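So the structure is just underneath, and the comments pick up after that.
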Amino acid sequence: MANLFQIQNMSKSYGLKTLFERASFAVNEGEHIGVIGPNGAGKTTLFKILIGQESYDSGQIVKRNGLRFGHLPQTDDWQDSETVESYVNRGSFMPSWSLKSLGRALGLSNDLFESHVTSLSGGYRMRCKLLRVLGAEPDLLLLDEPTNYLDLESLLALENFLQAYSKSFLLISHDREFLRRTTDHIVEVELGDITKYNGSLDDYLEQKELLRGQLEARAQSLDEKRKVILDFAARFGAKASKAKQAQSKLKSLEKMESIELKALPSVAKIQLPAPTATGKQILSIESARLGYGEKTVLQNVNLNLVRGDHLAVVGYNGAGKSTLLKAMANILKPLSGSIEYGHNVTLGYFAQHVAESLDPQQSVMEAMSRLAHPTVKPQEVLNMAGSLLFSGDDVRKKISVLSGGEKSRVALGQILLKKSPFIILDEPTNHLDFQTVEGLTQSLNEYKGTIVFVSHDRGFVQRVATKILEIKDGAATPYHGTYDEYVWSCQKGVLALRGANTEANATGDNSANNSQSAEKWDSSDKKPNHKDTQKKLRLLERRLIQIESETKSNSQEVARLNSDLCDPSLSKERSQELLSELERTTTATAMLEDEWLDVTTQIESLK
254 MANLFQIQNM
264 SKSYGLKTLF
274 ERASFAVNEG
284 EHIGVIGPNG
294 AGKTTLFKIL
304 IGQESYDSGQ
314 IVKRNGLRFG
324 HLPQTDDWQD
334 SETVESYVNR
344 GSFMPSWSLK
354 SLGRALGLSN
364 DLFESHVTSL
374 SGGYRMRCKL
384 LRVLGAEPDL
394 LLLDEPTNYL
404 DLESLLALEN
414 FLQAYSKSFL
424 LISHDREFLR
434 RTTDHIVEVE
444 LGDITKYNGS
454 LDDYLEQKEL
464 LRGQLEARAQ
474 SLDEKRKVIL
484 DFAARFGAKA
494 SKAKQAQSKL
504 KSLEKMESIE
514 LKALPSVAKI
524 QLPAPTATGK
534 QILSIESARL
544 GYGEKTVLQN
554 VNLNLVRGDH
564 LAVVGYNGAG
574 KSTLLKAMAN
584 ILKPLSGSIE
594 YGHNVTLGYF
604 AQHVAESLDP
614 QQSVMEAMSR
624 LAHPTVKPQE
634 VLNMAGSLLF
644 SGDDVRKKIS
654 VLSGGEKSRV
664 ALGQILLKKS
674 PFIILDEPTN
684 HLDFQTVEGL
694 TQSLNEYKGT
704 IVFVSHDRGF
714 VQRVATKILE
724 IKDGAATPYH
734 GTYDEYVWSC
744 QKGVLALRGA
754 NTEANATGDN
764 SANNSQSAEK
774 WDSSDKKPNH
784 KDTQKKLRLL
794 ERRLIQIESE
804 TKSNSQEVAR
814 LNSDLCDPSL
824 SKERSQELLS
834 ELERTTTATA
844 MLEDEWLDVT
854 TQIESLK
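Numbering (the numbering used here), first residue to last: 254 to 860.
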């Protein structure tokens, strides 16, 4: 397999901070690579170095001649009066009908294609940038947290695209499920080094856990040897007959191997203070109409929350999820109807914009302490700051010098320290690294208070939510099913949309929905040619292999779980965990089987 590029002994520093020290790794053709590591480790800097936006101090990068990179531009690269259709088609290697089909799956409607890019919201502008990058079909895609601005349907469309992508990509993401479903290698950026692991995310996690166990055992053995040597020196150092031997043993301590367990970070669980006591009823919404001025966003909303509910609010971007959360947080008054809180219920509300209300002159420590419950001790504030990636002198930094992501983490810490029995979280995992998302997930999963949240991170939603509320077409409706079932219903919708678009274009039925960019495409692009058909066939066949591999893996997992459940010594708690795991795996297998049928049908139609 040919190299796309090789990094050899690369070093990079910012002042006293070393990001990379003689780091080396390579990317080959066709590899789908997830890039993970703590915030600030250098993941984004690595991308900037690869595309020439940043220099490096020493070492070399050897790239294949003519290598084409694709990345999301940080600046706006469209003309003032440019339409979405014109912008996304510039530099595209996809037929216009195929690009438009992908755009619709990403949430860009036909009307939006005719709009000026400058008239769109920030989230939709990012989708335009993403679509343009995907349409260019570069040799190597560089995607830095691409799901942050996507709703579930758009995320699934991107996931499907990446699974079938015949070229290579590097993907930075804190979303474990997204990484699991799209990557076949993992690159870890940490402590000045870049390490590449073959296999899936789960293979990587297993290798890391095994390595941690080996190093912990070795460290314990060395500590025991040091203790023996120090005891010997203390007992016999003053005796003439043993003094020389004692000194020799003490010198051996200097040569003894040092094990750095900090190189293997475990999940830092976030210690949430126990919520204050409340009655059973937390929130009651009756016949509420929500909106802004004359504009109604949601109508006839009825909802009851009791102590301990963990409610995930789901739906496409712009459907009204944040509007509902603002109303629950008493920030937005209902246009009609009522919203009432239970006895002794206090609120903790987190959203990205909350960070802008922080006092710029306060330190991180002062800001996190400002809203903390009176019973919260300073050490608990320090622990929370550390869990949210503020270590050492970071807690003394002024808010004014922090990045937007760092401010968001401070605001999240404020809310978590309030001991509120009712927490409302709007995209809490943005700006958190891989390990911190896992720690927050574990903590909220065990939280005894009530939580309402919105998140695009499927693993986070799956593990934290006990109830699901779907926002769609101006209504808020309880979803009676598991989150996996909800995801699969969305996946089927995405597949149906792409399939319908493909079929319409293949039969020439593209009158109103397939206006071409005169600058780039002529009428021959209105239907796929033989080359396009063969390319799609290859992508579908590749996805079919992935589905069959995942199905086989799931079958093995089901067999293992069934075997474990037969163990008579199982505790009730462990038994429930295994049963939940079995249900998730069985549901996932059913989804794969449905997708297998859909993909095989498409393959047959193309042959």
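Quick reminder that beta carbons are idealized off the backbone N, C-alpha and C, glycines included.
This one's a predicted model, so the numbers in the text were calculated from it and none came from an experiment.
Taking R317 as reference, the option from D333, A279 and M347 with the minimal CA-CA separation is A279. Spatial neighbours of I302 in its own chain (CB-CB distance under 6 angstroms, excluding positions within 5 residues in sequence) are listed in chain order as Y309. Here V288 has K296, L423, I425 and V440 as same chain residues with Cβ atoms under 6 angstroms from its own Cβ, once five neighbours each way along the sequence are excluded. Considering only H709, L797 and N553, the residue with the shortest C-alpha distance to R429 is H709.
The beta carbons of I724 and G568 sit about 3 angstroms from each other, so the pair counts as a contact at 8 angstroms. For secondary structure counted as the beta strand (DSSP E) over 3 or more consecutive residues, the stretch 332–417 holds these complete runs in sequence order: 393–397. Within the stretch 779–832, the complete alpha helix (DSSP H) runs of at least 4 residues fall at 783–818. Nearest to D686 by alpha-carbon distance, out of S640, F675 and L543, is S640.
An exposed status is given to I798, since fewer than 16 other beta-carbon atoms sit within 10 Å of its beta-carbon.
In terms of Cβ geometry, Y602 and L578 form a close pair [threshold 9 angstroms]. Apart from the 5 residues on each side of it in sequence, A604 sits with its Cβ closer than 6 angstroms to the Cβ of D679 in its chain, given in chain order. Cα atoms of R343 and N401: separation of roughly 24 angstroms, rounded to the nearest angstrom. Counting along the chain, the unbroken beta strand (DSSP E) around A541 starts and ends at Q534 to Y545. Rounded to the nearest angstrom, the gap between the Cα atoms of R623 and P291 is 27 angstroms. Collapsing the DSSP output to three states places A608 in a helix. Nearest neighbour of A410 by Cα position, chosen from L359, R434 and G702, turns out to be L359. Residue pairing by DSSP puts I289 in a beta bridge opposite E441. Residue range S311 to K316 is occupied by the beta strand (DSSP E) that includes I314. Residue pairing by DSSP puts T271 in a beta bridge opposite S266.
With 16 or more neighbouring CB atoms inside 10 Å of its own CB, R662 falls in the buried class. Rounded to whole angstroms, H438 and D456 show a C-alpha spacing of 9 angstroms. The distance from the Cβ of V648 to that of V629 is about 15 angstroms, inconsistent with a contact at the 8 angstroms cut-off. 9 angstroms or more divides the Cβ of C381 from the Cβ of Y418. Linking L558 to Y377 through their CA atoms gives a straight-line distance of about 33 angstroms. Of the candidates V811, T529 and K574, T529 places its Cα closest to the Cα of G595.
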